[in-house]
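Residue numbers (this note's numbering), protein chains in the order written: chain A, 851 to 1070; chain B, 851 to 1070. Even glycine gets a Cβ: it sits at the ideal position worked out from N, Cα and C. Report on the structure given below.
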């Protein structure tokens, strides 16, 4: 069971590490990180540097492809080398998955055309513009494609995926091993639950940054 | 606001990356990863390699120290160089924090003597043997020390910490930004909630591995 997590400059670490922690220790799993070229990949905080052992040229097929989101997905949505590699991998997978704005890359590759999918709440319009049909769900399964909502949703999605591909007891065992019994001190994790002024401020910030990055990438 | 996350061989990635994702993007925060010596640190899966820019000699003080758990904490509990650095840092902090078995290192350094604290559920006895008083809580605050339960508990603890050190709205904004509205597909994240046979099998595995590592480290 080969699992490939694609990393790229300015990815969001928890998008990748949440599912990684759920899947990497499962029996029979061979999980690897892949970047366009092997070497150091810096996350969106600029403070976390991951040393990646494999480049696009090293990986031809996998059982599960996982694409995290981040602040750096925009240029990749217009980068044919990346989109071609994603299409090539998708043709070989049992599951093709994404977390957060990682689904924008899947959509840009044409993989989500006319399909239900999800992404970070602030990227819903952009996902639709790339041809998918945004759903405000924690994760969305369409055929072999599973897309998860923003950042932390990858943990929930990966537990579901692990149960689906192995056995529910394996997923339950991982949940207990990582003591995933969430008790956030606030209940502000979705647009519907957020204090309105918190949502409004964040929404404006995301709209400006995400739109700006996608407009810049499109023009480049 | 300088935040230092200590990484070491065979740390558990989500222990570190959960709190990192909550804290790294907050206003005024300067978050760095530190290892005994700078360079590549490999997580417990052997599949994730983090390139760390700072060694013990580079960091003399910080506002927040965070020690993740992992499968590699045992040797550090008997390593005077590490324990001395932890004590030195603790003397400078506003908060000293841990996730999972990271609290065993704090306890081994004498910082939790007679204090209430938590850790991964499977490490409760070992924590007590190091002089702390284990509490089955998501996180435990004693003075300036905050210890979190296993792996994913670091996310909840970091949201609490962020609200405490800045403002509740900042923590709520981060919660919405990382869409932390947990919806695990199963309710198996604590000993009390687990299917008994899942807990029993995992408990035996942990008992054997954790005890084995601590016995070996003590003897070395």
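For this session: Under 8 Å by Cβ, that's how I've got residue 1029(A) and residue 971(B) pegged, so tell me the actual separation to the nearest angstrom.
Result: 6 Å
Problem set entry | Min CB distance residue 967(A) to chain B below 8 Å | no
Problem set entry | Within 8 Å, strictly: CB atoms of residue 952(B) and residue 919(B) | yes
For this session: Can you pull the chain A residues whose beta carbon is under 9 Å from the beta carbon of residue 1051(B), in chain order?
Result: Ordered by position in chain A, the residues that pass the 9 Å Cβ test against residue 1051(B) are 1019, 1023.
Exercise. Whose Cβ in chain A lies nearer than 8 Å to the Cβ of residue 1034(B)?
Worked result: 1005, 1006, 1009, 1025, 1030, 1032
Exercise. Which word fits residue 910(A), buried or exposed, when buried means at least 16 other C-beta atoms lie within 10 angstroms of its C-beta?
Worked result: exposed
Exercise. Nearest to residue 914(A) by CA position, among 874(A), 928(A), 887(A), 890(A), is which residue?
Worked result: 874(A)
Problem set entry | For residue 930(B) and residue 1010(A), the rounded distance between their alpha carbons | Residue 1010(A) and residue 930(B) have their alpha carbons spaced roughly 43 Å apart.
Exercise. Excluding sequence positions up to five away, which residues of its chain have a Cβ less than 7 Å from the Cβ of residue 926(B)?
Worked result: 858, 932, 955
For this session: Use the C-beta contact count for residue 943(B): other C-beta atoms within 10 angstroms, 16 or more gives buried, fewer gives exposed.
Result: buried
Exercise. Roughly how far, in whole angstroms, is the beta-carbon of residue 1006(B) from the beta-carbon of residue 1035(A), given that I think they are within contact range, below 8 Å?
Worked result: 7 Å
Problem set entry | CB contact check: residue 870(B) to chain A, cutoff 8 Å | yes
For this session: Tell me, to the nearest whole angstrom, how far the beta carbon of residue 893(B) is from that of residue 863(B); I am working on the premise that it is less than 8 Å.
Result: With a contact defined as Cβ atoms closer than 8 Å, residue 893(B) and residue 863(B) qualify at about 5 Å.
Exercise. Contact check, residue 957(A) vs residue 982(A) under 8 Å by CB: the rounded distance?
Worked result: 5 Å
For this session: Please confirm if residue 1038(B) has its CB atom under 8 Å from at least one CB of chain A.
Result: Look at residue 1038(B): its C-beta is under 8 Å from a C-beta on chain A.
Exercise. Are residue 853(A) and residue 912(A) closer than 8 Å when you measure CB to CB?
Worked result: yes
Problem set entry | Check whether residue 969(A) and residue 984(A) have beta carbons under 8 Å apart | yes
Exercise. For residue 1021(A), which residues of its own chain have a beta-carbon under 6 Å away from its beta-carbon, when the five flanking residues on both sides are left out?
Worked result: 1009, 1012, 1013
For this session: Return the CA-CA distance between residue 870(A) and residue 1026(B), expressed in angstroms with no decimal places.
Result: 22 Å
Problem set entry | Which listed residue (881(B), 1049(B), 890(B), 928(B)) has its alpha carbon closest to that of residue 1066(B) | 928(B)
For this session: Find the nearest neighbour of residue 964(B) within the set 995(B), 1054(B), 1023(B), judged by alpha-carbon distance.
Result: Looking at the Cα atoms, 995(B) is the closest of the given residues.
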